[in-house]
Each structure stands twice: as C-alpha cells, then as structure tokens.
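Remarks on the structure that follows.
This is how it looks when you write it as structure tokens:
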C-alpha cells in the first residue's frame, strides 16, 4: 500500500484504471479511515442512494476524497470544540464538465465547520506546495484536483470562518 502511495505521489498523471464504482463505498471507506485517525472529529454521511455506479478509478477517487477530508479533519481537530464534517452525495443536473454539457453528474460535497481557509492562500489552495498548515506538504489538494480532472470532473471550494465546502462534480 505504501509503495502504491509513493508511486501515486511521484506520478500523479498516470491514466486512471476505470471500472464500475460505487461512490458510497469510497466515501464510507474514507469516513472509516478519518474516524480512526481523528476520533474527536464527527464525520456524518448523507447519501443519495439513488445514485448508480459509474465508471471511475476507485483508488484515485479514494485518495482524492481522503486528501480533502483529512485536510478538513486536521483543521478541525486543533481549532474546534465541536468538530464536524458532513459528506453529502447528490445528483447535479445540467452541468458542464471538461467543456461537455451533461444532463446528470455526481455531486460530492465535503463540508466542515472549521476556521476556514486563510484569505491569503484561498485562491492558490490547489497549487503544489501551498499549505495553510504548519508542516503541511501542500500536495494533497493538488493531487485531488489532478485525479478529479483525469475523470473529466471538477473541484471547487467555498470557504468562510465556520464553513468550508469542497464540491466535486464527476460525469
């Protein structure tokens, strides 16, 4: 597993290995990993069970989701009395992804009640080596964005003190 992670870090632009994937299995796995690492942080899931399986690389999507949720947990653990992350899946209608208009897409929302992303780095959080955390590598969101882009998806962030939401859209 470590060798695979190192390979992904060094070569984030490998082509995805697509297979039928259930987003809820990925999110449940990420939730379990984050809860084990950050027991003080409550991770709540709100799934739209009508979402079908779709073609994706489950390893890349797991890593992208884990990077986002772990960042939120790290920000919450130090700063909050009632740390909470909410992961929501929904259907997005009529979205444009990779210059293609799509009738339906999968929307994954990762919301936390933390201190927010500092204003000074908010517009650069997806750049390599940009981190708002002491000792952070600044690669987590860069890799997440690369993996989402390889799936012809998009990732966005809205942040203010008390609420940060990452939105991932996948075809």
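Numbering (my numbering), first residue to last: 16 to 186.
Cβ coordinates follow ideal geometry from the N, Cα and C atoms, glycine included.
Taking residue i and residue j to be in contact with their CB atoms under 8 Å, please state how far apart those CB atoms are, rounded to whole angstroms.
i, j, result
"residue 104", "residue 38", "6 Å"
"residue 159", "residue 113", "Rounded, the Cβ-Cβ distance is 16 Å, inconsistent with contact."
"residue 30", "residue 162", "Not quite, the Cβ-Cβ distance comes to about 11 Å (not below 8 Å), so this is no contact."
"residue 12", "residue 137", "The structure shown does not extend to residue 12, since the chain is modelled only from 16 through 186, so no value can be given for it."
Taking only the alpha-carbon atoms, compute the straight-line gap between residue i and residue j and give it to the nearest angstrom.
i, j, result
"residue 82", "residue 67", "24 Å"
"residue 48", "residue 107", "27 Å"
"residue 182", "residue 120", "12 Å"
"residue 97", "residue 56", "8 Å"
"residue 128", "residue 35", "33 Å"
"residue 157", "residue 73", "18 Å"
"residue 19", "residue 125", "25 Å"
"residue 110", "residue 51", "35 Å"
"residue 172", "residue 141", "10 Å"
"residue 118", "residue 179", "27 Å"
Tell me residue i's beta-bridge partners as DSSP assigns them.
i, result
"residue 34", "71"
"residue 174", "179"
"residue 112", "115"
"residue 84", "None, per the DSSP bridge assignment."
"residue 97", "Bridge partners of residue 97: none, in fact."
"residue 104", "123"
Can you list, in chain order, the residues of its chain with a C-beta nearer than 8 Å to that of residue i? Leave out the 5 residues immediately preceding and following it.
i, result
"residue 155", "82, 83, 85 and 86"
"residue 42", "60, 62, 80, 102, 104 and 123"
"residue 46", "58, 60, 84 and 102"
"residue 70", "33, 34, 35 and 36"
On the three-state DSSP scale, how would you describe residue i?
i, result
"residue 119", "strand"
"residue 154", "coil"
"residue 61", "strand"
"residue 56", "coil"
"residue 90", "helix"
"residue 161", "helix"
"residue 184", "strand"
Less than 6 Å between C-beta atoms, sequence neighbours within five positions excluded: which residues of the same chain meet that for residue i?
i, result
"residue 53", "88 and 92"
"residue 78", "none"
"residue 169", "112 and 184"
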